[in-house]
Amino acid sequence: MIPLVLLAIGIAIGWYLQKDDGKEDPANAGSSSVTARVDRVVDGDTAKVWVDGESEYVRYIGIDTPESVKEGSPVECFGVEASRFNERLLARDEQVKLEFDTERRDQYGRLLAYVYSGSTLLQAELLREGYATTLEVPPNTSRARQFAELESGAKAAGLGGWSRCGAGFGS
1163 MIPLVLLAIG IAIGWYLQKD DGKEDPANAG SSSVTARVDR VVDGDTAKVW
1213 VDGESEYVRY IGIDTPESVK EGSPVECFGV EASRFNERLL ARDEQVKLEF
1263 DTERRDQYGR LLAYVYSGST LLQAELLREG YATTLEVPPN TSRARQFAEL
1313 ESGAKAAGLG GWSRCGAGFG S
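In this note's numbering, the protein residues as written are 1163 to 1333.
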């Protein structure tokens, strides 16, 4: 009797955990990009979006911005400014294109993508204006050279966090 009950519980848990609502996970889609609708900006390098009616967090590939909302972490120099700049780049309910690289999700389940608002690549703007630093995480490195050049330009010009935070920015 007990083995039968355990089997029934196992089947019920498996059924509950199996997410099959007929919608394909955007991370497993055959396409290299998807369209999403912006719900809100989380911080300088993360946004919450809607993809095919599903709520998703998207982490911007190739960059890192100072922390502004991470639980258990202090607000870092230029973190609030980076978050606000990201908010200026993205409007609520705006449609954006999420372009994937090799790995489509991180260890936290977030989508990993290059984010386009119209023809503007958000990562490029954040780097160009000194709100972000490069972050290479293999295998998602197809834009690493482009991003390094943008970061170098902002650093040389003393833009954003490069002038406000000194040597601590980007480290």
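We put the CB at the ideal spot given by N, CA and C, even for glycine.
Keep in mind the model is a prediction, meaning the values are calculated, not measured.
Strand pairing of residue i, partner residues [DSSP]
| i | result |
| --- | --- |
| K1259 | T1197 and Y1278 |
| Y1222 | A1275 |
| R1151 | Residue 1151 is absent from the structure shown; the chain starts at 1163 and stops at 1333. |
| R1356 | There is no way to answer for residue 1356, as the model of the chain reaches only from 1163 to 1333. |
| L1283 | Y1278 |
Helix, strand or coil at residue i according to DSSP, with G and I counted as helix
| i | result |
| --- | --- |
| S1245 | helix |
| A1209 | strand |
| R1254 | coil |
| L1297 | coil |
| S1304 | coil |
| S1217 | strand |
| L1321 | coil |
| G1234 | coil |
Interface flag, residue i vs chain B, CB-CB below 8 Å
| i | result |
| --- | --- |
| Q1285 | The structure shown contains no chain B, having only a single protein chain. |
Residue i to residue j span [Cα, whole Å]
| i | j | result |
| --- | --- | --- |
| V1213 | V1242 | 27 Å |
| L1289 | D1263 | 19 Å |
| L1297 | V1220 | 15 Å |
| L1284 | Y1278 | 6 Å |
| F1240 | G1315 | 18 Å |
| Y1293 | G1215 | 31 Å |
| E1291 | L1321 | 6 Å |
| I1223 | A1329 | 23 Å |
| A1198 | L1312 | 26 Å |
| Q1308 | D1187 | 29 Å |
| N1302 | Y1276 | 10 Å |
| A1310 | T1282 | 18 Å |
| F1331 | G1280 | 29 Å |
Expected contact under 8 Å - CB spacing of residue i and residue j to nearest Å
| i | j | result |
| --- | --- | --- |
| V1299 | N1248 | At roughly 19 Å, the Cβ-Cβ gap does not stay under 8 Å, so V1299 and N1248 are not in contact. |
| L1260 | S1195 | 6 Å |
| V1200 | V1237 | So it is not a contact: roughly 23 Å between Cβ atoms. |
>> Assess contact between the region 1267-1282 and the region 1233-1247, defined as three or more Cβ pairs (one per stretch) separated by less than 8 Å. Is contact present?
In response: Cβ pair count under 8 Å is below three, so no.
>> Using 8 Å as the cut-off, can you tell me whether the region 1249-1256 makes contact with the region 1214-1233, which would need three or more C-beta pairs spanning the two stretches below that distance?
In response: no
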